[in-house]
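These protein sequence lines are chains L and G, in that order. The number in this note's numbering is simply the position in the first sequence, starting from 1, with 188 added. The number in this note's numbering is simply the position in the second sequence, starting from 1, with 7 added. Every residue, glycine too, gets a C-beta built ideally from N, C-alpha and C.
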Amino acid sequence: MYRYDEFDERLVRERVAQFASQVERRVAGALTEEEFRPLRLKNGLYLQLHAYMLRIAVPYGTLHARQLRQLAHIADVYDRGYGHFTTRQNLQFNWPKLKDVPAILGLLADVEMHCIQSSGNCIRNVTADHFSGVAHDELEDPRPVAELLRQWSSLHPEFEWLGRKFKIAVTGAAQDRAVLKSHDVGVRILRDPTTQQVGYQILVGGGLGRTPMVGRILREFLPREKLLSYLEAVLRVYNLEGRRDNKYKARIKILVHEIGIDAIRAKVEAEFAAIDSGRTDVDAQEFARIAAFFAPPAYESLPDVSRKLEQAQASDEELAHFVEHNLFRHKQRGYTALTISLKPVGQAPGDATSHQMRVIADLAEKYSFDEARVSHAQNIVLPHVRLDDVPEIFAVLRAEGLGTPNVGLLTDILACPGLDYCALATARSIPVAQALAEHFADPAKQKEIGDFSIKISGCINACGHHHVGNIGILGLEKKGAESYQITIGGDPGENYALGELLGPGLPAELVPEAVDRVVAVYLARREPGESFIEAYRRLGLAPFKAAFKEIADAVA
Amino acid sequence: MLLLDRHGRKDDSFAQLENGKKIAGKAPLVPLAALEAQLAAQGGAPLGVLVENNVRTAELEPYFGKLALIAIRFPSATDGRGFSLARQLRERGFIGVLRASGPLFSDQFPQALACGFDEVEIPDANAARQPVEQWLAARDRITLAYQHENGLGESILELRRARTLEKNLTGAKNV
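(1) On the DSSP letters alone, give me the boundaries of the alpha helix (DSSP H) that L:Leu296 sits inside.
(2) Any chance you could list the beta strand (DSSP E) runs of at least 3 consecutive residues sitting entirely within the segment 126-158 of chain G, in chain order?
(3) With a threshold of 8 angstroms between beta-carbons, can L:Asp464 be considered close to chain G, or not?
(4) Suppose only complete runs of 3+ residues qualify. What are the beta strand (DSSP E) ranges in the segment 600-671 of chain L, listed by chain order?
(5) Against chain L, does G:Thr177 count as a neighbour if the rule is that its beta carbon must be under 8 angstroms from one of theirs?
(6) As an exercise, report each continuous beta strand (DSSP E) stretch of at least 3 residues that is fully enclosed by the segment 542-579 of chain L, in chain order.
(7) Considering just the uninterrupted stretch of the alpha helix (DSSP H) at G:Gln45, what are its terminal residues?
(8) Report yes or no: is there a C-beta of chain G within less than 8 angstroms of the C-beta of L:Arg467?
(9) Scan the segment 73-123 of chain G and note each continuous alpha helix (DSSP H) run of 4 residues or more that stays entirely inside, going in chain order.
(10) Contact defined as beta carbons within less than 8 angstroms: I believe L:Phe720 pairs with L:Phe640. What is the distance between those atoms, to the nearest angstrom?
(11) Using 8 angstroms as the limit for Cβ to Cβ distance, is L:Ala565 near chain G?
(12) Mind checking which residues open and close the alpha helix (DSSP H) that includes L:Tyr388?
(13) With a floor of 4 residues, list each alpha helix (DSSP H) that falls wholly inside the segment 444-468 of chain L, ordered by position along the chain.
(14) From L:Thr275 to L:His654, what does the alpha carbon distance come to, in whole angstroms?
(15) Buried or exposed for L:Asp679, going by 16 or more other Cβ atoms inside 10 Å?
(16) Exposed or buried, which one is G:Ser83 when buried takes at least 16 other CB atoms within 10 Å?
(17) In angstroms with no decimal places, state the Cα-to-Cα distance between L:Ala479 and L:Val569.
(18) Can you tell me which of G:Leu143, G:Leu24, G:Leu54 and G:Gly109 puts its alpha carbon nearest to the alpha carbon of G:Asn133?
(19) Counting only the same chain and skipping the five closest in sequence on each side, list residues whose C-beta sits under 6 angstroms from that of L:Phe354.
(20) Where does L:Phe281 land, buried or exposed, given buried means 16+ other C-beta within 10 angstroms?
(21) In the segment 337-420 of chain L, which residue ranges form an unbroken beta strand (DSSP E) of at least 3 residues, counting only runs that do not cross its ends?
(22) Might you give, ordered along the chain, the residues of its own chain that have their beta carbon closer than 8 angstroms to the beta carbon of G:Glu64, omitting 5 neighbours on each side?
(23) Determine the contact status of G:Leu143 and G:Gly15, defining contact as a CB-CB distance below 8 angstroms.
(24) Between which two residues does the alpha helix (DSSP H) harbouring L:Asp741 extend?
(25) From G:Thr150 to L:Ala297, what distance separates their C-alpha atoms?
(26) Counting only beta-carbon atoms, is G:Arg13 nearer than 8 angstroms to chain L?
(27) Along the segment 127-143 of chain G, what residues have a CB closer than 7 angstroms to any CB found in chain L?
(28) Under 8 angstroms Cβ-Cβ, which residues of chain G neighbour L:Ala747?
(29) List the residues of chain G that L:Glu474 touches, going by C-beta distances under 9 angstroms, in chain order.
(30) Considering only C-alpha positions, which residue in the set L:Lys666, L:Gly668 and L:Thr675 is nearest to L:Val656?
(31) Anything in chain L within Cβ reach of G:Phe116, meaning under 9 angstroms, just list it in chain order.
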């Protein structure tokens, strides 16, 4: 993992002092509320429905035990004993007091963390594949690139006042687990087919929100050393040319849509050619310095198969379920990446108590080379676990309510905080997720259904990524009541697709039944080995729409 | 209006025309549309142009050598187009004075300086809430930057290189 040097540390400390001064000047009236608002947002501080919310940046989702314990400490002292892991691999506290925020930022700085640019119209926390550095299908670990981008984008003087937020994701794997096509810019590490050189493919203009759009290829291949100068050109074109007249049309995706991918490519290339790239190029030595922090840990030489784990599974059905669903194939023989589901039935997706954070910290320290990852699916990954250790880890997780074996299954639901917390929300998300999880709680049923994703947003801003859920649920307000629109067929991965509407909105209590009807069509008509999304692609919208209509008609 | 640069308050040696006439003792500051005419009238005397933040750098480039000052208007504090425009003007070779003109606030001062602005002109109401001292304090609050163009001095990358060099030298001495 990356560790701060004296310069990283000083910058973050100075930033804490700067924010303390901003709060003081707001209180004294030197800063107006209008001026203070973007400043607090750029420090991750939102005004929510009931209280402030503080969003802590977890760069590319990577945490070590000391950081997790510090987050637990903050949750206990300054919040209500829990935190919420987000779809952008960050952590949110829902109940901090404004006066405590500088102290919290100080505690974060003590463990090399911050809230810089976790909100606001600027370059946001850079995200990456949560299986970075361990995935079997990876060309290269994307974390050095993500860290390079974190530093380059932090307090970038030219890009602090963009028209809208700007999100960047990086992956180095064949399978896209970072949802690149939903980002303003996606960076894919790849090998040039002719020269065999490693460089980047750059995607632009993806986004969810009220106008979902699929990211397009801006540059097929970019040499490594040009990454920062090229992104500088992309951001400059966006900053100068992006719309400023309507905040809902201010994302780069709208610019791409309005002028076309070819026109934006021409503008970026012209700016790129003009930029003094010698000064902004990636310094090879600096990149090597950063990359050295992400060198693989000291793995043991182990056999492919763990007899110990096999034997334990034979006598423990729950462990067998866990192994089947929560382990991911590791590069290193005898190791696995283990996902801890934060989606037990009946709980708010992504929430973890301070006690659970400490339990995970202990496990990371003892079994995973002191490393944990936050996934965009709001779970926690222990990235380097010996297969031999899985039974012991599972025993601890099960005892702490963290052993839910549902990763990638129907109840592994992604949901935004919704109207329970959020000032923008038009409907609740969490209770819908809870009701669905309860409806499909039977593990055997979930297993029968197999790979299935439900994503829920409580408003059209789509923080719950509903557009790319196999089933997407969007909570709206209709005539004073919550109403849920359901889409089908979304896919965040290689076969990226936005979902299609099944029919009119439903009240919350009918959502589980409606999803059940859709699932029933799949179970009745699937071919052997066919996943839900594959069956949907083959069968098309019609049979699912027909089944859905029976429920919708009952309401109408 | 309060005009200030990185050292503090300064007198404005430029002024917009009044009824088409220059103000005595001040260099004229004209909109882009009036630039050609004013250039002809100036005969080489100092001249400034006031532009909106959606002007193209290419429109100004032919005049770089003839302009003592380019003032970029900020319609609001949060409209950051002027920062990129300033950066672009500097990179394309403008070496005269660059002024940010509009309701910026003190926390944006270091960003303006880093992007190549020399001075900021703010409305009186803003200056009343945020006097010069606050701007100078804001200038110095963050003393480090990852970016090369930072208005501070050496970037963190350069500081890291110097540190490595120093370590290597010390190491060599100890041998």
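Once the coordinates are examined:
(1) Val289 to Asp298
(2) Runs found: 126-129.
(3) yes
(4) 642-645 and 659-666
(5) no
(6) 560-562 and 568-574
(7) Leu42 to Gln49
(8) yes
(9) 88-98 and 116-121
(10) 5 angstroms
(11) L:Ala565 does not count as touching chain G.
(12) No alpha helix (DSSP H) holds L:Tyr388; the beta strand (DSSP E) holding it covers Val386 to Val392.
(13) 449-462 and 465-468
(14) So the two alpha carbons sit approximately 12 angstroms from each other.
(15) By the neighbour-count rule (16 or more Cβ atoms within 10 Å), L:Asp679 is buried.
(16) It is exposed - the Cβ of G:Ser83 has fewer than 16 other Cβ atoms within 10 Å.
(17) 21 angstroms
(18) G:Gly109
(19) Ile311 and Asp372
(20) buried
(21) Entirely contained in the segment 337-420 of chain L, the beta strand (DSSP E) runs reaching 3 residues are, in chain order, 356-359, 373-379, 386-392 and 404-411.
(22) According to the sequence provided, residue 64 of chain G is Thr. The question's Glu does not apply to it. If we look at G:Thr64 and ignore the five residues flanking it on each side, its Cβ neighbours are Leu92, Gln95, Leu96 and Arg99.
(23) Note that the C-beta distance between G:Leu143 and G:Gly15 is below 8 angstroms.
(24) From DSSP, the alpha helix (DSSP H) with L:Asp741 extends over Leu729 to Val743.
(25) 17 angstroms
(26) no
(27) Arg136, Gln137 and Gln141
(28) No answer is possible for residue 747 of chain L: it lies beyond the span of chain L, which begins at 189 and ends at 744.
(29) Leu164, Arg167 and Arg168
(30) L:Thr675
(31) For the C-beta of G:Phe116, not a single chain L residue is nearer than 9 angstroms; the gap to the nearest is close to 11 angstroms.
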